[in-house]
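As structure tokens, the structure follows; a few thoughts come after it.
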Ligand SMILES: Nc1ncnc2c1ncn2[C@@H]1O[C@H](COP(=O)(O)OP(=O)(O)OP(=O)(O)O)[C@@H](O)[C@H]1O
Ligand SMILES: [Mg+2]
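Protein chains in written order, with UniProt numbering: chain V, 1 to 334; chain Z, 1 to 371.
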């Protein structure tokens, strides 16, 4: 029986359609190259998945990335242009997005206008909404995974932790989302969670865009609980029914919830409507958090100023574009 | 329309795609399904599906013949008695390849093994259904005369488990499998993935079935029961039986290539309990619309054709689709063990022509020189 790969011609295309120019980055299971689609001269990123590296075969994160990106064609989700195989490596051809939101947040020379923040959050929510209506949770939203195209469009990327929304009764792992953006139900080790975990992360990113510094930067998992509740109040049975039955809910320091005035002071540049939306997205009880639909229809997006047109958004000063920004921490893989 | 209905209670998820655009488009569940790789790349008409299987069988045969010719050449060069018997060793006389129908029956036999295997691992239905889908897709691209189904089956199950987040280490997966090493499974992983055209997302009828179960409760029990004495327990029984029906009948059939998941879910419910399902569909098509119209202020639009006419046409269309789906599922032939043993032998020699030729050659040698 033959089991060689080379004689199979079923891959979408072959490596000869693309050139790999230079290495631009490396993740845990992939090396990313700058490439070109030869037929169109289009710049692409080629993510070469290392195979034969794992004793259990193809890596789960790589499989998830392929699985979900194949289904997700949307202006605010990174485009998977093609997949091809070459000498036992799996290659994802992605649109080339050299910038991400984290770089912009850290770039001190750039000033964010309220309309810029509105535009980024709007695009993030549109991408998230598209995931959710397809019953897909992203599970790793953070500024570093929100990539920005040369025309200013923001795109959700890195679907290595994504998964389909559970079937009724199915257990999920709570060990997802990079710590600073992890919703309280995950911090408490909930085995059942919903789209609300992504909404929380968007709320925290929203806050970070206004503060220009991470909103809830816990030093470790225990500290994350403390930082989160110091900022937003410790959940109780009153404001979150049944919270005390979650696995890791115990011996918490009790902080009072922040008053509206406190939040106003914290986000001094936010309008009342902007504040409303942040509050709705960062409700401690996931059942109280707004859904992507409600968020998109929120008055914040209707009031002036209108969201900046993507092409008018601030970009990285050109010389720094290629500089690699180290992520603040490694996310936990499942 | 049916996809619309499958949403059950969660129909608030439609948001205008682009508020600033002048043409405000609302994206429906139907639209989303049409964008899925399952619809775009793996949906067939019945004729199209048969044609694809025929093509694959032809491809398999020509592959097997090429392998046969190569094996013949090799033996010609290594066995000096070859020339003496050459006329008896041609592909015409020797190669006995699988017909399209045999290939189909052979695959049904292996599909049943997927169910047995996933059951023995106590894997969730989702994994079972995805593994089945992977396996069927693999053999819409490749022939059993190119790749023997035994290890392909294992790889499909292993890959489906990973894809559905039900991870198992390769050792614990291989442990209970007879004469199977991790390498046998892993070596095929990449081939299977590329045969799947790198599409791993499978829409099964189980999620829409659950959606219908919820919507049946809304439509049939509230505000008053639509069928005298109908209790929620009856709907639970219906749901459980329909789930079982899907696992027992639909899974093994080709229905996933031909109908959308909500259609298959409705077929399961209809075949399980015709009375309740029919009532639901009638309420959905004929009653709820008029209620909504009344609520909107009762102003009917005279320019449109009568609503009821369109509705009954759609209703009839849906029922005939459901019936077609049920018939197809129930007509999936069973393959007996004897039948499959017979085909298995053919398949073995198609994949190992050298063994076939040598066997024949040895027979000829012991029988002496031909006349
Ligand atoms: N579409 C893209 N366009 C341009 N550069 C990219 C693109 N995708 C990834 N990169 C670059 O390659 C690097 C590695 O990306 P990758 O997604 O494999 O890993 P990561 O998210 O950084 O890390 P991890 O594997 O831990 O999640 C990124 O940090 C980025 O610099
Ligand atoms: Mg990343």
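Where a beta carbon is used, it is the ideal one built from N, C-alpha and C, also for glycine.
Just so it is clear, the structure is predicted and the values come from calculations on it, not from any experiment.
C-beta neighbour in chain Z for residue i, strict 8 Å
i: residue 158 of chain V; result: no
i: residue 176 of chain V; result: no
i: residue 58 of chain V; result: yes
i: residue 16 of chain V; result: no
i: residue 118 of chain V; result: no
i: residue 194 of chain V; result: no
i: residue 133 of chain V; result: yes
i: residue 329 of chain V; result: Residue confidence is low: residue 329 of chain V scores 46 on pLDDT, short of 50, so the model does not pin down where it sits. No coordinate-derived value is stated.
i: residue 318 of chain V; result: no
Beta bridge counterpart(s) of residue i as assigned by DSSP
i: residue 163 of chain V; result: V:137
i: residue 44 of chain V; result: V:35 and V:95
i: residue 82 of chain V; result: V:93
i: residue 92 of chain Z; result: Residue 92 of chain Z pairs with nothing; no bridge assigned.
i: residue 49 of chain V; result: V:30 and V:90
i: residue 25 of chain V; result: V:32
i: residue 146 of chain V; result: V:156
i: residue 19 of chain V; result: V:36
i: residue 254 of chain Z; result: Its beta-bridge partners do not exist; DSSP assigns none.
i: residue 77 of chain V; result: V:156
i: residue 100 of chain V; result: V:147
Neighbour list for residue i in chain V, Cβ cutoff strictly below 7 Å
i: residue 98 of chain Z; result: Per Cβ cutoff of 7 Å: no residues; residue 98 of chain Z is ~15 Å from chain V at best.
i: residue 35 of chain Z; result: 73
i: residue 32 of chain Z; result: 133 and 134
Residue-level contact to chain V via CB, residue i, 8 Å cutoff
i: residue 73 of chain Z; result: no
i: residue 189 of chain Z; result: yes
i: residue 355 of chain Z; result: no
i: residue 21 of chain Z; result: Residue placement at residue 21 of chain Z is flagged as unreliable, the pLDDT there being 41, under the threshold of 50; the coordinate-derived value follows with that caveat. Judged by the 8 Å Cβ criterion, residue 21 of chain Z is not in contact with chain V.
i: residue 297 of chain Z; result: Here the model assigns residue 297 of chain Z a pLDDT of 43, short of 50, so the residue's position is not dependable, and the following value carries that caveat. It does not: the Cβ of residue 297 of chain Z has no partner Cβ on chain V nearer than 8 Å.
i: residue 362 of chain Z; result: no
i: residue 359 of chain Z; result: no
i: residue 106 of chain Z; result: no
Residue i CB to nearest heavy atom of ligand 1 below 7 Å
i: residue 158 of chain V; result: yes
i: residue 47 of chain V; result: yes
i: residue 247 of chain V; result: no
i: residue 96 of chain V; result: yes
i: residue 28 of chain V; result: yes
i: residue 66 of chain V; result: no
i: residue 93 of chain V; result: no
i: residue 152 of chain Z; result: no
i: residue 230 of chain Z; result: no
i: residue 205 of chain V; result: no
i: residue 147 of chain V; result: yes
i: residue 105 of chain V; result: no
i: residue 32 of chain V; result: yes
i: residue 78 of chain V; result: yes
Partners in chain Z for residue i, counting only beta-carbon separations shorter than 9 Å
i: residue 63 of chain V; result: 159, 162, 163, 193 and 200
i: residue 311 of chain V; result: Simply none; closest approach about 14 Å.
i: residue 88 of chain V; result: 190
Where residue i meets chain Z, residues with beta-carbon distance less than 8 Å
i: residue 163 of chain V; result: 165
Amino acids of chain Z, ordered along the chain, whose beta-carbon sits closer than 7 Å to that of residue i
i: residue 55 of chain V; result: 170
i: residue 85 of chain V; result: 190 and 194
Residue i: contacting residues in chain V (beta-carbon distance under 8 Å)
i: residue 209 of chain Z; result: Under the 8 Å cutoff, chain V gives no residues; its nearest Cβ is about 11 Å from residue 209 of chain Z.
Chain V residues whose Cβ lies nearer than 9 Å to that of residue i
i: residue 186 of chain Z; result: 52, 55, 56, 57 and 58
Contact test: residue i Cβ vs ligand 4 heavy atom, cutoff 7 Å
i: residue 25 of chain V; result: In the structure on display, ligand 4 does not appear, and the ligands it does have are ligand 1 and ligand 2.
At a Cβ cut of 8 Å, what residues of the region 65-82 of chain V count as close to chain Z, listed as they run along the chain? Correct list: 66, 67, 68, 70, 71 and 73.
Identify each residue in the region 227-251 of chain V for which the Cβ-Cβ distance to at least one residue of chain Z is less than 8 Å, and report them in chain order. Taking 8 Å as the Cβ-Cβ cut-off against chain Z, none of the residues of the region 227-251 of chain V qualify.
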